[in-house]
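Okay, structure first, notes after.
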Amino acid sequence: MAQSNVSGRPFRLFRNLNAKIAAIPMILTALVIFVGFSLWTVVYSFTKSGLLPRQDFVGLMQYERLWSNTKWLISIQNLLIFGICMLVFSFVIGFVLACLMDQKIRFEGVFRTILLYPFALSFVVTGVVWQWLLNPDLGIQSVMRGFGWESFAFDPLNNSRIVMFGVVIAALWQGTGFVMVLLLAGLRGIDDEIWKATRIDGIPTWKTYLFVVVPMLRPVMVTTLVIVTAGIVKVYDLVVAQTNGGPGVSSEVPAKYVYDQMFLNQNLGQGFAASTMMLITVAIIIIPWAYLEFGGRKRG
Amino acid sequence: MTEATSQPSLAIHNLQLSFGAVQVLEDVNMQIMPGEFVVLLGGSGSGKSTILNCIAGLLDISDGQIFINGRNVTWEEPKDRGIGMVFQSYALYPQMSVRGNLAFGLKNARLPRQEIASRIARAAEILQIGDYLDRKPAALSGGQRQRVAIGRALVRDVDVFLFDEPLSNLDAKLRAELRVEIKRLHETLGNTMVYVTHDQIEAMTLADRIALLRNGVIQQFASPDEIYRKPVNLYVAGFIGSPSMNFLKGEIAGDSFRFNGRGVSLAGYDGDLSDGPAILGIRPEHVTLSDQPDLEAQVELQEHMGAESVTYLRLDGQRFAIRAPDERRHVIGTTLGLRFDMTRASLFDPRTELRL
Amino acid sequence: MTEATSQPSLAIHNLQLSFGAVQVLEDVNMQIMPGEFVVLLGGSGSGKSTILNCIAGLLDISDGQIFINGRNVTWEEPKDRGIGMVFQSYALYPQMSVRGNLAFGLKNARLPRQEIASRIARAAEILQIGDYLDRKPAALSGGQRQRVAIGRALVRDVDVFLFDEPLSNLDAKLRAELRVEIKRLHETLGNTMVYVTHDQIEAMTLADRIALLRNGVIQQFASPDEIYRKPVNLYVAGFIGSPSMNFLKGEIAGDSFRFNGRGVSLAGYDGDLSDGPAILGIRPEHVTLSDQPDLEAQVELQEHMGAESVTYLRLDGQRFAIRAPDERRHVIGTTLGLRFDMTRASLFDPRTELRL
Amino acid sequence: MIYGTLIVVALYYLIPLYVMVVTSLKGLPEIRMGNIFAPPVEITFEPWVKAWSEACTGLNCDGLQRGFWNSVRITVPSVIVSILIASINGYALANWRFKGAELFFAILMIGAFIPYQVMLYPMVILLRELGLYGSLTGLVLVHTVFGMPILTLLFRNYFATLPDELFKAARVDGTGFWGIYFRIMLPLSLPIFVVAVILQVTGIWNDFLFGVVYTRPQYYPMTVQLNNIVNTTTGVKEYNVNMAATILTGLVPLVIYFVSGRLFVRGIAAGAVKG
Amino acid sequence: EDLEVTHWWTSGSEAAAVAEFAKAFDATGNKWVDGAIAGSGGVARPVMVSRITGGDPMAATQFNHGQQAQELVEAGLMRSLESVASADGWRDIVHPASILESCEIDGEIYCVPVNIHSQLWLWLSNDAFETAGVAVPNNWDEFVAAGPALREAGIQPLVIGRQPWQASLAFQTIVASVAGPEAYGKVFGDKDADVVNGPEMEKAFAALATAREMTAGSNVQEWNQATTQVINGQAGGQIMGDWAQGEFAIAEQVAGEDYTCLPGLGLADIVSTGGDAFYFPAIDDPEVTAAQEELARVMISPEAQVAFNLKKGSMPVRGDVNLDAANECMRKGLDILANGTVVAGIDQMLSPDAGNQLADLMVQFFNEPGMSVDDVKASFIDILEYDS
Ligand SMILES: Nc1ncnc2c1ncn2[C@@H]1O[C@H](COP(=O)(O)OP(=O)(O)OP(=O)(O)O)[C@@H](O)[C@H]1O
Ligand SMILES: Nc1ncnc2c1ncn2[C@@H]1O[C@H](COP(=O)(O)OP(=O)(O)OP(=O)(O)O)[C@@H](O)[C@H]1O
Ligand SMILES: [Mg+2]
Ligand SMILES: [Mg+2]
């Protein structure tokens, strides 16, 4: 017992040592993988690496090429269209569905499963199926024409102006269920008394949802936003499976650009430059948010 | 106006409510006069909130009728019933300012702007919340939030106020303060108020009449004084008062109550008595120390609360509390002689549990 | 054993604690004797839980030292400090039975099986939880859970018990009952106990000594009686007592207190007085109605609580409460004559706020 | 009204599944001729048999079945390890805040947005240096790393909703970091574990890129065969076999969703989403 | 010894062809472990490169020859086959020589070429022209002339799948045929901007624009869907490599009767020499090394060449084998290979980067009717400049 009579202040690093040991995988992942790899990528984006990374520095050449490349510009534009559509529609539709599901309906489990199952499928499957459904000769268009509606035209995948919306339709099919579930969980967490208060105040249901419930769902929305946005930035498999960037290059997206540059064109440097641009954009959007969300309020 | 005062502000006839197979309220009847402050008191799950929600129209009732100011509102929308409601969790809209919270319902009812402004100004004055009309609820203290919640009911200019445990989230001191405020508000406004609580102090201090509920059945609906003095049954007697009423099981024989071989004179008891087994109920504050004791007991524990003290005694194996408005200290284990104030005691039939 | 009693069971020296830049505790000192029941009392955010967590070793302190039974435990693990702790939310392990909850800490300490069993049996007997040792916490009532939580500290056979608002989640009636149980438990066990609450009734009834905290600074550390009778400053005076002590701003002139043009004799006051501005503090229960009044005031509101009543008066524009152990009713607006019991009053320096 | 809307929406969600199933039961000529929504005139299970046990990947003509077991071998350890590590991270972040923890967490969150393609090469180099390239362990590591951001977020949020006092009580009871994790936190986190398992099984089972890039052929997951069947660029497209193979590949996650969808929603509601 | 061989040949005919190699290799007492990954370069290549750079290489792997593997070779990750090649005299037997030259880096041979694909063909549906009432064209100009008649008969004159590589292939074919093999070599080989701006290329770009007009209204994605349209008579013609024959064969169509093939668009007797080759990563294990050499020998052996190429529908890399079973179209190709002009494949002349940029440019051109020939020309020059 004598030696347990420590009076000195123990070295800070060793307090809660186990917690720090347990966090090592996370720290390593954060530092080595996410920071280290990103730095590595940035460094090699200044080289003329081809099939293999080479320290053959060429300054900003890759960036100049990047920004003069129409495929990249189209990719960015497409990502914007895709991202905005996805965010708007998946949140709006997901929220409306969540509200419907929240009405104490019967067979809730059945509906929920139906809305959620596409989430279990891989993007490749989604892409293939929707490519099919949107194929004018086999899918929806031909069926509608088969019913006698001869002038029916719905052929987004072959129209470079609206092809991204074809991709959005498939992505929504896969992802909205998940958004719905997250928001539904949020809705279920709202105090019953708020509902009563609005009924007494005579607020119509839609107004209650819009002006009272939506603002209260902020934390859920933030989590959902992180997950959905992360998916949007990374969108690749779906496009490859559904349109492979076509028609022409009209449905290219940045992740595909990166991949194609690195592995098809064997131009790692260019791929790294494109990745770096994506990283910077993400960081510009995320860091202030992460700071507000996690850095600001350290309490409790 | 004579007619208005003669008709009840709120009347409930044969109210029944079941959730599926579970009958939560059985045949509740109440007549509440204009300006009356009625408290629904009862343990958890006794159906207090359920009654309140039925009055507000937030629950569809199974059977019965509800009249507000003589109008049958049984199937009307909550907003059309002329009621305002204050909730336990306050249920303020978190993203709106205090002003927004107060105005939301009014804007929705398409009231003119200046009318809204003047109502808010009036409520703010009455409740003294004028200084933080532009803050969000998150930036308010518990007591302030509570006032805003009341304000939201206030601006609706309604006949009947409904409160569902509005103070139970607050700490003891604040609770005591706000209790007084609500009481004063009632006196200022003169509205009919129905107030749900499980705290008997609140019930006793606030109510004109208390409806004491148990398992969806009203046990007694009377003034606090009457409930305190003449509880209709054992349950009510035990529920009201802290520390609880002491109960002694014995029997009535002539004009004395026989307990444990000793007799206590029943002289002064207010009620009709006949011989037979009975339970004597006496409140801690109605027992005094005496040299000519009715009974004797040993000191087990003492609690001092500054202004008064409660002494727990052991009497024939069971605990017996007495309360005195002084700070006299007793050594644990000493025997005290007790004298009962029979004019304030109650006797109960052990079988029906009703007061004799 | 003589040595053990002479040294404090728990000693805190110059305890300081900051969260980042915010200093939450400033130089807290305490010496608690074996078997003493000390209550940490204070408003929300005053640092009560923080002190308790420091004692338990759940927070790393910024500076100072903590001794338990003479042993410096400042940097020891919670489990090695010889403390047991009971939490507000009970913090029972929901997935374990009551028995599992009690045994958990003991198993961790690798106690032999029969030792664990016998300790649980003892705790179960003391706390009367033997009947539901095999139930999960979810299947227990609030009071039972509370007892299990205490049992968990009890089986650890520790020197010091720490309680963090163990009753504040319960309703008023149960709270009163369990308060008595804790008091009795303390008398049975004779352990040192440190008890955090913001409820002054709990503090007054349970404590041998109360440490009254404000913003991380101990205001007064004394017996309930002394805190009640001789609060060291205005804050303590206002904090203790419900309704709060009444304060009158005036000045001392000779042997009388001048207020609003009238003089109140200071005869019997316990303290050193000199002429000058002062605040007179008098508790509602130390004011009596009298035909030869010190002051007069109008009735504004009355609260009846069965055994007693509180009357709120208006005195020179401010509210003034008096409390009487009877149920006398006053018509609102009538003027009452008040007489102060100066032996129990307090006078404060308006500048330093200290008691004179 | 509500039901009407929901049924219409449900139909929209079901149509692709219907088309897949129907197509997989048709013969090739029927597919060429007809409309994709028409039910099969002649039901044939040929495509299923072919997809499962006959379809060729290069010279190996044993269909998806070989990949199935590989997928199981990859998914099981990857799911276990990734969830274990992420839950420990979440626990350390929620209950044992130490200096810098929030910073690392913020980095992880940014990491969630980095496209995998960017990481492909450096990861090869890292695995090579660790001597794990091509091994199952390496792949498990990759899945653990890339699953970490979102899972850590979920677990951190969940553990933050458990009462702090429980954690304190356990410390007083003499449990250490690991004791609290295994004996207090784990038993209480079933809901969030269900969520994590579902997400990870889905993600890892459906993964193609990592499975093929970081392992050797004897570990190639089912999705590689699926890719080979679906992505063959020359020759006749056997849509029915493709669809059957697609359904077969998606079966495991689908079944998990159908079976535990309720728990999934409950788990998310239990705190995964509270910021 | 077990050798793992990776490739992206997964379709029926391809797999059958690979099986011939495997059979021949297994006959030597070794074992071919098949590592097929479908999806061509984009999917398979990162796998292969990762495996090689990750230190866990396969024993042999397919690459399109040309510059794809050059960096791996330079990084010392690939083994030289020079000893085998010189011992067996590959430089003498491989025909045309250019095909082996693409395997040569710094004077050493690093790969085994296994086949020659000629890409510069126009495939025509005899049925379609019959329906339209015009004679089956003999060259591009007649085909263009027949365009309106085909349209009138409700037939799509020309189909080109909407994937970048198909557009690029059409462009290459037009350049080689319309501008001529010489210009083709100067443009792609020498990257000569003057030639691009010259009169020959002027004609080629005009033909490209015409081709775009003739494909208007078609939105077929995959090349085999396009071929199917030709087979069914829904389309008049398709520009595609010789692998299209596989589709005609499966549909049991006979060259000359049901369809017509025009190498070099019927304007020039040319074939290009694209093809596939196998590379052998450096592995530090003598037994494996020996087995790799064995495999290289097997692949280039006459028996395996015949068996493989008959299944694959491509031409062997050596002139000294006999292909009696070849059909009319393949024979045309073999004849040109023997007597006509052989131009290098684009993979051999352009870096993958430039090649893909060109493909992207062309697919854009085909999809955007608004894009002018001048725009294409300017962008094309940029790509060539970047690559030189
Ligand atoms: N939606 C519901 N479905 C089924 N039973 C319900 C429902 N709401 C309430 N109950 C039951 O009705 C009874 C009365 O509930 P109520 O909420 O009115 O009690 P209370 O007196 O307000 O209690 P508390 O003091 O705990 O708020 C309880 O037994 C409760 O379980
Ligand atoms: N982890 C923390 N980080 C920063 N400040 C903290 C933290 N924990 C507590 N505080 C601050 O320390 C002060 C004391 O908190 P403490 O919890 O001890 O109060 P308390 O007296 O227990 O109040 P309550 O009655 O509300 O429990 C408060 O102002 C609180 O905001
Ligand atoms: Mg209630
Ligand atoms: Mg606290």
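Line by line, the protein sequences give chains A, B, C, D and E. First residue of the first sequence: 548, per the working numbering; consecutive thereafter. First residue of the second sequence: 118, per the working numbering; consecutive thereafter. First residue of the third sequence: 118, per the working numbering; consecutive thereafter. First residue of the fourth sequence: 853, per the working numbering; consecutive thereafter. First residue of the fifth sequence: 2, per the working numbering; consecutive thereafter. Ideal Cβ placement from N, Cα and C applies to all residues, glycine included.
At a C-beta separation below 8 Å, C:Lys300 has these neighbours in chain B: Leu418 and Glu420. Any heavy atom of ligand 1 within less than 6 Å of a residue's beta carbon puts that residue on the list, which reads B:Phe136, B:Val139, B:Val141, B:Gly159, B:Ser161, B:Gly162, B:Ser163, B:Gly164, B:Lys165, B:Ser166, B:Thr167 and B:His315.
With contacts defined as CB atoms closer than 9 Å, B:Ala441 and B:Leu430 fail to qualify as a contacting pair. Spanning the alpha carbons of A:Glu740 and D:Gly1026 requires a straight line of approximately 41 Å. Proximity of A:Ala700 to chain D, defined by a Cβ-Cβ separation below 9 Å, is not satisfied.
The continuous stretches of alpha helix (DSSP H) do not include A:Pro751, and DSSP gives it neither H nor E. By the rule that beta-carbons nearer than 9 Å mark a contact, A:Arg659 touches chain D. As computed with DSSP, B:His403 is found in no beta bridge at all. Proximity of D:Pro892 to chain A, defined by a Cβ-Cβ separation below 9 Å, is not satisfied.
The straight-line gap separating the alpha-carbon atoms of A:Ile827 and D:Thr1004 is approximately 23 Å. Beta-bridge pairing by DSSP links E:Ala37 to E:His8. At a beta-carbon threshold of 9 Å, none of the residues of chain D lie near E:Ala291; the nearest stands roughly 22 Å away.
Any Cβ of chain D closer than 9 Å to the Cβ of C:Ser206 would place that residue at the interface, and such an atom is present. Assignment of E:Val113 by DSSP, reduced to helix, strand and coil, places it in the strand class. Against chain A, the beta carbon of D:Trp904 has no neighbour under 8 Å; the closest one sits roughly 17 Å away. Boundaries of the alpha helix (DSSP H) around C:Glu294: Ala289 to Leu306. Close partners of E:Glu72 in chain A (Cβ separation under 7 Å): Gly597, Leu598 and Leu599. Here the alpha carbons of E:Gly275 and E:Ile117 stand approximately 6 Å from one another. For B:Glu282, the shortest separation between its Cβ and any heavy atom of ligand 3 lies below 8 Å. Here the distance from the Cβ of B:Gln205 to the nearest heavy atom of ligand 3 is below 8 Å. Closer than 8 Å to some heavy atom of ligand 3: that does not describe the Cβ of B:Val145. Chain A places no beta carbon closer than 9 Å to that of D:Asn1092, leaving this residue out of the contacts. The nearest non-hydrogen atom of ligand 2 is less than 8 Å from the C-beta of C:Leu330. By the criterion of a C-beta distance shorter than 8 Å, C:Asp389 is surrounded in its chain by Leu473, once the five residues flanking it on both sides are discounted. CA-CA distance, C:Ile396 to C:Glu470, rounds to 9 Å. The continuous stretches of alpha helix (DSSP H) do not include E:Gly108, and DSSP gives it neither H nor E.
D:Val893 and A:Leu634 have their alpha carbons spaced roughly 41 Å apart. A distance of 9 Å or more separates the beta carbons of A:Pro794 and A:Ser689.
Placement of the Cβ of B:Val311 at a distance of 8 Å or more from every heavy atom of ligand 3 is found. With fewer than 16 other Cβ atoms inside 10 Å of its own Cβ, A:Ile631 counts as exposed. DSSP assignment within the stretch 217–243 of chain C yields no whole alpha helix (DSSP H) run of 4 residues or more. Note on A:Gly724: 16 or more other CB atoms within 10 angstroms of its CB, so buried under the neighbour-count rule. Comparing alpha carbon positions, the residue from C:Ser206, C:Thr314 and C:Asn186 closest to D:Pro1015 is C:Ser206. Contact annotation for B:Tyr345 against chain C: Gly423 [CB-CB distance below 7 Å, chain order]. Residue ranges of uninterrupted beta strand (DSSP E) with 3 or more members, entirely inside the stretch 410–466 of chain B and ordered along the chain, are 412–421, 426–432, 435–441, 452–457 and 463–465.
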